[in-house]
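No gaps in the numbering here: position 127 of the sequence shown is 127 in the UniProt record's numbering, and each next residue is one more.
Here is the structure we will look at, set down as structure tokens.
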Amino acid sequence: MTIMTFHEIRFPTRISYGAVGGPRFSTTVQILGSGHEQRNINWAEARREYSVDISPSRGQEWEAVLSFFHARRGRAYGFRLKDFADFQLEQGVLGTGDGTTESFGIVKRYQDAEGLAPGYERRLHKIVQDTATVYLDGTAQFGNWTVDHQTGTVQFTTAPDPGAEIAVSCEFDVPVRFDTDLMEAAIPGPDIHQWQRVRLVEIRV
1 MTIMTFHEIR FPTRISYGAV GGPRFSTTVQ ILGSGHEQRN INWAEARREY SVDISPSRGQ
61 EWEAVLSFFH ARRGRAYGFR LKDFADFQLE QGVLGTGDGT TESFGIVKRY QDAEGLAPGY
121 ERRLHKIVQD TATVYLDGTA QFGNWTVDHQ TGTVQFTTAP DPGAEIAVSC EFDVPVRFDT
181 DLMEAAIPGP DIHQWQRVRL VEIRV
């Protein structure tokens with residue numbers, strides 16, 4: 001049976017703080033006979049990977065990890081992860097109003113300071129509850145909009161006026177899953193559990 005399900009719950013932040021990881025791209029590099037390289041981009045979007053060190057753990061902390069892993073059925077169900085290295089968007093521009101469009105996807109753009117190369121646009125889907133503020137032409141809006149925290153979409157009740165710059169500030173999570181179905185933990189002593197290098201991988205939602 002194939003399971004394509006996501007749980008709207010965040011991995012315990014007291015455990016994920018200190019995780020090692022970040023975006024991974026996929027590039028095929030072919031060395032030509034001349035010694036030059038031909039590089040092909042395989043993925044249009046980066047996929048983030050993380051390694052969480054959970055050792056040693058005691059008492060309630062270990063129970064939290066054990067329960068969380070069981071509830072996700074190993075790799076079966078996705079969940080949210082707070083990436084402490086990159087979890088905020090500050091007045092990110094979503095687009096320009098046309099007087100008709102009422103829905104805008106939340107994106108974060110990464111751009112070289114000099115702007116010499118094309119920037120990278122990242123679609124944000126998992127917005128943290130009660131952290132979003134929407135702006136029109138730099139002015140915060142109190143009403144006429146809602147945010148879908150599961151899809152990362154700003155929905156206006158009335159479409160913004162033509163030419164109005166639409167922006168949003170918010171915090172966001174990364175949709176991930178465990179990269180193993182086996183919790184192979186060591187027990188080096190009474191009430192001490194050790195499960196090193198728990199690997200999490202980003203999933204497409």
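Where a beta carbon is used, it is the ideal one built from N, C-alpha and C, also for glycine.
What span of residues does the beta strand (DSSP E) with Ser-103 cover, start to end? 103-105
Would you mind giving the Cβ-Cβ distance between Phe-172 and Ile-127, rounded to the nearest angstrom? I have them listed as a contact below 8 Å. 5 Å
Can you list, in chain order, the residues of its chain whose CB lies under 6 Å from that of Ser-26, leaving out five sequence neighbours each side? Asn-42, Trp-43
Alpha carbon of Gln-60 to alpha carbon of Met-183, nearest angstrom: 17 Å
Per DSSP, what kind of secondary structure is Trp-195 in: helix, strand or coil? strand
Nearest-angstrom Cβ-Cβ length linking Tyr-135 and Ala-167, presumed shorter than 8 Å: 4 Å
Would you check if the distance between the CB atom of Glu-90 and the CB atom of Ser-169 is smaller than 8 Å? yes
Buried or exposed by the 16-neighbour rule on C-beta atoms within 10 Å, applied to His-125: buried
Bounding residues of the alpha helix (DSSP H) (the contiguous stretch that carries Arg-14): 13-16
Report yes if the CB atom of Ser-16 is closer than 8 Å to the CB atom of Leu-66, and no otherwise. no
Look up Trp-43 in the DSSP assignment and say whether it is helix, strand or coil. coil
Quick one: what's Ser-51 bridged to in DSSP? Val-20, Arg-199
Burial state of Val-174, where buried means 16 or more other Cβ atoms lie within 10 Å: buried
Which residue comes first and which comes last in the beta strand (DSSP E) that contains Asp-173? 165-178
Given Phe-84, which residues of its chain have a CB within under 7 Å of its CB, disregarding the five upstream and five downstream residues? Tyr-17
Consult DSSP for His-7 and reduce its assignment to one of helix, strand or coil. strand
I need the DSSP call for Gly-111, collapsed to helix, strand or coil. Correcting the residue type first, residue 111 is Gln in the shown sequence and not Gly. Residue state, collapsed to three classes: coil.
As a quick exercise: from Asp-161, Asp-130, Trp-195, Arg-48, pick the residue whose alpha carbon is nearest that of Thr-101. Asp-161
Given a cut-off of 8 Å, decide if Ala-19 and Val-52 are closer than it, judged by their beta-carbon atoms. yes
So what does DSSP say about Phe-69, is it helix, strand or coil? helix
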